[in-house]
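Participant: Residues 97 to 349 (this note's numbering) are what the sequence shown spells out, left to right. Backbone N, C-alpha and C define an ideal beta-carbon position, used for all residues, glycine too.
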Amino acid sequence: MALLEVAGLSKSFNGVQAVQDVSFDVDAGLIYSVIGPNGAGKTTLFNLITGIYVPSAGEIRVDGTPVAGRQPHELAALGVARTFQNLQVCMNMDACENVMVGAHLRLDRNLIKSALRWPALARRDAELRREAVELMRFVGLDAYTGAAADSMPYGALKRLEIARALAMKPRLLFLDEPAAGLNPRETLDVAALVRRIADSGVTVVLVEHDMKMVMKLSDRILVMDYGRKLAEGTAEQVRCHPDVIAAYLGAHA
Ligand SMILES: Nc1ncnc2c1ncn2[C@@H]1O[C@H](COP(=O)(O)OP(=O)(O)O)[C@@H](O)[C@H]1O
Ligand SMILES: [Mg+2]
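What follows is the structure, encoded as structure tokens:
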């Protein structure tokens with residue numbers, strides 16, 4: 097059984113079919129990419145799978161459990177974490193606290209219990225801070241462990257979001273354009289980071305416009321256009337697919 101199974105997934109907004117009858121499976125351990133022109137429905141697909149939107153139709157299973165229509169925190173409990181295309185960093189917190197938000201999402205229930213016992217909470221806070229610092233090192237943010245979020249450059253904030261998602265200890269991590277707005281050097285660093293994340297045992301679903309990065313990293317690729325699945329397969333298979341070539345040349349734009 098695949099870790100993620102998506103069948104007949106659809107979502108419309110006031111008559112606009114953002115995602116239309118999309119089906120695919122992601123096996124555990126893979127780097128699985130979703131590509132397609134702007135407006136193809138990639139972010140909507142992520143929003144559906146991570147519980148931000150309720151599907152108009154279709155099924156989503158995580159490790160066999162049906163999750164369509166469930167809330168983000170329920171998905172988190174099943175090991176699903178994500179980053180956002182547009183930065184969602186709390187600028188009035190320090191970098192570490194931003195990462196700790198991810199751990200708090202993971203430990204929500206315990207938090208309520210331990211709030212009744214301050215010494216335990218303080219001890220746990222120190223633990224989570226240590227864990228956050230470790231994750232910041234893992235994503236290459238050693239230089240920013242004591243930094244205020246609003247003092248960090250954009251490229252570092254993109255990686256901070258990844259650290260926060262990892263603090264949820266996910267099995268399945270959704271990255272929506274982690275290299276958007278980065279320079280070529282930073283893009284290579286993010287590609288290496290995605291590889292390290294996958295090597296650590298986390299299954300990665302990636303939306304990314306940088307084709308070099310996608311082709312190099314992905315075990316399989318789903319190509320979307322106008323909300324529909326256009327093609328699916330290995331990098332080699334989708335690269336040669338005539339419909340994919342047409343979509344990317346803007347033949348119908
Ligand atoms: N919350 C929303 N309300 C209305 N339309 C939306 C909403 N989210 C996405 N859409 C529309 O759905 C389509 C797909 O958008 P999106 O999923 O963001 O594409 P992509 O991430 O591939 O660029 C677009 O036409 C977009 O305008
Ligand atoms: Mg998008």
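1) Can you tell which of E332, V195, D339, G329 has the C-alpha that lies nearest to the C-alpha of Y322?
2) Tell me whether F270 counts as near ligand 3, meaning its Cβ is closer than 7 angstroms to at least one heavy atom of that ligand.
3) Does the beta-carbon of R281 have 16 or more other beta-carbons within 10 angstroms, so that it is buried, or is it exposed?
4) Tell me which residue opens and which closes the alpha helix (DSSP H) that E170 is part of.
5) Could you check what DSSP says for E230 in three-state terms: helix, strand or coil?
6) Once the 5 residues before and after G147 are set aside, which same chain residues still bring their CB inside 6 angstroms of it?
7) Mind checking D306: buried by the 16 CB within 10 Å criterion, or exposed?
8) Thinking C-beta only, is A153 closer than 8 angstroms to G104?
9) Assuming the contact rule is C-beta atoms closer than 8 angstroms, L237 and L224 should be a hit. Round their C-beta distance to whole Å, please.
10) The alpha helix (DSSP H) that contains M309, what's its start and end?
11) Mind reading off the beta-carbon distance from L100 to D121? Whole number of angstroms is fine, and I expect it under 8 angstroms.
12) If you run the structure through DSSP and keep just helix, strand and coil, what is Y240?
13) From what residue to what residue does the beta strand (DSSP E) around E328 run?
14) Measuring from each Cβ to the nearest heavy atom of ligand 1, keep the ones under 5 angstroms and list them in chain order.
15) Ligand 2 heavy atoms versus the CB of Q184: any closer than 7 angstroms?
16) For a minimum of 3 consecutive residues, which ranges assigned as the beta strand (DSSP E) are wholly contained in the region 128-163?
17) Roughly how many angstroms lie between the CA atoms of F180 and A259, to the nearest whole one?
18) Could you check whether the Cβ of V303 sits closer than 7 angstroms to any heavy atom belonging to ligand 2?
19) Is the Cβ-Cβ distance between M311 and K138 less than 8 angstroms?
20) Alpha carbon to alpha carbon, what distance is there between V118 and D190?
21) Closest to E304 by C-alpha separation, out of A342, L262, R291, L271, would be which residue?
22) Give the secondary structure of M196 by DSSP, where H, G and I count as helix, E and B as strand, and everything else as coil.
23) What are the residues that DSSP puts in a beta bridge with S108?
24) Quick check on DSSP: helix, strand or coil for T179?
25) Under 8 angstroms, do I317 and G329 count as touching if we go by C-beta distance?
26) Considering just the uninterrupted stretch of the alpha helix (DSSP H) at R255, what are its terminal residues?
27) Can you give me the start and stop residues for the beta strand (DSSP E) that L318 sits inside?
Facilitator: Concretely, from the data shown:
1) The candidate whose alpha carbon is nearest that of Y322 is D339.
2) Of the ligands this structure carries, namely ligand 1 and ligand 2, none is ligand 3.
3) By the beta-carbon neighbour count (other beta carbons within 10 angstroms, threshold 16), R281 is exposed.
4) Start and end: 168-173.
5) Looking at E230 - three-state DSSP - the assignment turns out to be helix.
6) Result list for G147: R166, Q167, P168, L171, in chain order.
7) D306 should be labelled buried.
8) It is a contact, given that the beta carbons lie within the stated cut-off.
9) Contact flag wrong, Cβ pair sits at about 16 angstroms.
10) First-last of the alpha helix (DSSP H) with M309: 307-313.
11) With a Cβ gap of about 7 angstroms, L100 and D121 count as contacting.
12) Residue state, collapsed to three classes: helix.
13) Taken as a continuous stretch (DSSP letters only), the beta strand (DSSP E) holding E328 covers 324-329.
14) Spelled out in chain order, the answer is F109, A114, N134, G135, A136, G137, K138, T139, T140.
15) Incorrect: Q184 has no Cβ contact closer than 7 angstroms to ligand 2.
16) You should have 153-158.
17) The straight-line gap from Cα to Cα measures roughly 13 angstroms.
18) Flag set: Cβ of V303 near ligand 2.
19) It is not a contact, given that the beta carbons lie outside the stated cut-off.
20) So the alpha carbons of these two residues sit roughly 39 angstroms apart.
21) When only C-alpha atoms are compared, the closest one is L271.
22) DSSP places M196 in helix when its eight states are reduced to three.
23) Residue pairing from DSSP places S108 in a beta bridge opposite Q113.
24) In the three-state DSSP reduction, T179 falls in the coil class, being neither helix nor strand.
25) Contact: yes.
26) If you look at R255, you'll find it in the alpha helix (DSSP H) that goes 250-262.
27) That run of the beta strand (DSSP E) goes 316-321.
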